[in-house]
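Chains W and L are the protein sequences, given in the same order.
Quick note: the first sequence uses the working numbering, first residue 629, plus one each step.
Quick note: the second sequence uses the working numbering, first residue 876, plus one each step.
Glycine included, C-beta positions come from ideal geometry on N, C-alpha and C.
Treat the numbers as computed from the prediction; the structure is a model and nothing was measured.
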Amino acid sequence: MAQLIKQAENKIKHSNDPEYNLVVIGGGPGGMAAAVKAAELGVEGVLLIERDSFLGGILPQCIHGGFGIKIFNSELTGPEYCQLFVEKVRNISIEVMLDTMALVIDLKGEKKSIIVSSRNFGTKRITAKAIILSLGCRERTRGQILIPGSRPAGVLTAGLVQRMVNIEGFLPGKNIVILGSGDIGLIMARRLVLEGCNVKGVFELMPFSTGLLRNISQCLEDFEIPLYLSHTVTEIYGGKRIESVDIAMVDKNLNPIQSKTKNIACDTLLLSVGLIPENELSKTGEIEIDLKTGGPAVDEYLHTSQNGVFACGNSLFVNDLVDNVTEDGYLAAQSALSFLSGRLRSKKLINIEAGENIAYIVPQKASGKSDVNFRIRASIPLRNAFIEFSNTGLKKKVRFVNPGELIFAKITKDDFGKFLECNARTASDSIKVSIKKEVQGQ
Amino acid sequence: MKKKKTCITCPIGCLLEIDYDLTKKEINSLKGNQCKKGYKFAQDELFNPKRILTTTVKINSRFFKRLPVRSNIPAPKGMIERMVKEIKRIQIALPVKMGDVLAKNFMDTGVNIISSATIEQ
């Protein structure tokens, strides 16, 4: 890390470091919400850094509807949701740096600082009293799921194709196979059919879809696009351009069944096989990363392991709905204000562990001094289940859990009180959260 | 008749179990909805299905080669594919503001096509 800082530092020409109270890194929905809320709450000297030439992050390319039901109480498209926040940013005193890439977060010195690079001014160091990270996420690629075969053109991730079609205005191909039933894959299946492509099917490795139920209904069923569960791509063929793929059914252990393989001709393979929180920058600041979410480990104030650095948006964990990202942006802003005014003191934290049937839980730590809203990602679909919080005696019924839909569960201050009482006896400093199936007749 | 349908009114996606009469256009019973919007959805979905239409139109902007557009209200589901093809013919002059009406009563559907974004240059 020290080397990285040095490398970036060598490029700095000017030495007068501009100073801000709050620097928000990332101008997507999380970052815009955080910057706007902080300014609304009266924080002066807010800087918003965005590496693209426009604000909005992923929103401008998400031309479909379904955004804003919680925040604006109406169903908007991505560009509309984006526009409403861009206007909020413009109408309040926030400094925005576009075309600017944050290279390194340096927390070693007396003051927190960020080294940024831009074609507008070169490289410079910016100091900040508090930092909010809203860095977004990246798509998993072919390399990460290890599909064998040749390396032709035409193997693309779904979000990339979404940008190509909706912003840059060209189609990736005509005969399309989609691997993975994540939301972007489902939405692109519909989009490509409407643009005149032949979508041959959506193939999902798991025995269930990881997308929202409504997307399966309105994107696939409406257009009679077949969804094949427990299927995967086992081989890619083609020279310069992809010509076909082998599709195989998989067994219970997700291993392809050789006898159930078929070849499908296509000129494009779209991958919608998951998203990874982007935290290369967080790592330069030596921020503790939770291996389950892939994002910083935070407490209920979205405070990371580094004092005065907060995280929100998809770099914290991958969300299904932009409204939730906006709310986390607001929370990060409130916490940053508390920190700046000296009201956010470090407390002893209780560890929150992801137990049975849980892929991850956020926050990963809690002080127990106030109510905490947990965001839980189930690892498998379950009906008639309950969420168990160990060492608290607390159970919450859930009618239906699905990995595609985030679960919200609140633990009140009083419940934490019970835990802390129990904690004094057992000396356990963690709460393990599990999802279990309700046993009939109990 | 009985049918299972996922309610797409909001992202919760309730699984509706609908018992209905197609000739009378009536719902006999509905299970699985978490709010009253589910009833409205079931009724529309069975007897008059509609969807919000979203697509893009060609423009010449510095950053964007396409303008995102939408129907102001849900459009008849059966018309959507034909409408998307026709929308491509719409000519756009910049600047354009979010909510600007680009075509009124498009293809006699009673639906207006509006801009989803503000693009100045």
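Using a Cβ distance threshold of 8 Å, W:F945 and W:P905 count as a contacting pair.
Counting the other Cβ atoms within 10 Å of the Cβ of W:D895 gives 16 or more, which makes it buried. The CB of W:F700 never comes closer than 7 Å to any CB in chain L; the least such distance is about 13 Å. For W:L848, the nearest beta carbon of chain L is not closer than 8 Å to its own beta carbon.
Residue nearest to W:L1034 within the set W:E1066, W:N947 and W:K868 is W:N947 (criterion: CA-CA distance). Relative to W:I760, the option among W:K1065, W:V651 and W:I742 whose CA is nearest is W:V651. The C-alpha of W:F967 lies about 48 Å from the C-alpha of W:N881.
By the criterion of at least three beta-carbon pairs nearer than 8 Å, the stretch 762-781 of chain W is in contact with the stretch 854-868 of chain W. Counting only unbroken stretches of 3 or more residues, the beta strand (DSSP E) elements lying wholly within the stretch 757-785 of chain W are 765-767 and 783-785, in sequence order. Cβ-Cβ distances below 8 Å link L:Q996 to S936, R937, L969 and P970 in the same chain, with the five nearest sequence neighbours on each side left out; the list follows chain order. Close CB contacts of W:H692 within its chain, under the 6 Å cut and outside five residues either way in sequence, are with I815 (chain order). Under the criterion of beta carbons closer than 8 Å, W:T912 and W:L632 qualify as touching, at roughly 6 Å. By a beta-carbon distance limit of 8 Å, W:S858 contacts W:P835. Their separation comes to about 5 Å. Leaving aside the five residues that flank W:D874 on each side, the residues in its chain whose CB is nearer than 6 Å to its CB run, in chain order, T862, E863, T889 and N891. Boundaries of the beta strand (DSSP E) around W:Q886: P884 to A893. For the C-beta of W:R1011, not a single chain L residue is nearer than 7 Å; the gap to the nearest is close to 11 Å. With respect to the C-alpha of L:L928, the residue from W:E981, W:R1011, W:E1016 and W:E703 having the closest C-alpha is W:E703. Under the three-state reduction of DSSP output, W:K1046 falls in the helix class. Of the candidates W:D1043, W:L1010 and W:L1022, W:L1010 places its Cα closest to the Cα of W:E1066. Burial of W:E678 is indicated by the presence of at least 16 other C-beta atoms within 10 angstroms of its C-beta.
Looking at the backbone, the Cα of L:R945 and that of L:I994 are separated by about 15 Å. By the neighbour-count definition (other C-beta atoms within 10 Å, threshold 16), W:V901 is a buried residue.
In the structure shown, W:S745 falls within a strand segment according to DSSP collapsed to helix, strand and coil. Between the stretch 925-944 of chain W and the stretch 799-807 of chain W, the count of C-beta pairs closer than 8 Å stays below three; the two stretches do not touch.
Look at W:D874 here: in three-state DSSP terms it is strand.
Per DSSP, L:I934 lies in no alpha helix (DSSP H) segment and is marked neither H nor E. Under DSSP, W:M729 shares a beta bridge with W:S745. L:A950 is outside the set of residues whose beta carbon lies under 8 Å from a beta carbon in chain W. Pairing W:S995 with W:I980, the inter-Cα distance amounts to about 10 Å. Within 7 Å of the CB of W:E708, the CB atoms of chain L belong to M973 and S991, in sequence order along the chain.
At a cut-off of 8 Å between beta-carbon atoms, L:V959 makes contact with chain W. Taking a C-beta distance under 8 Å as the contact criterion, W:I722 and W:D645 do not qualify as a contact pair.
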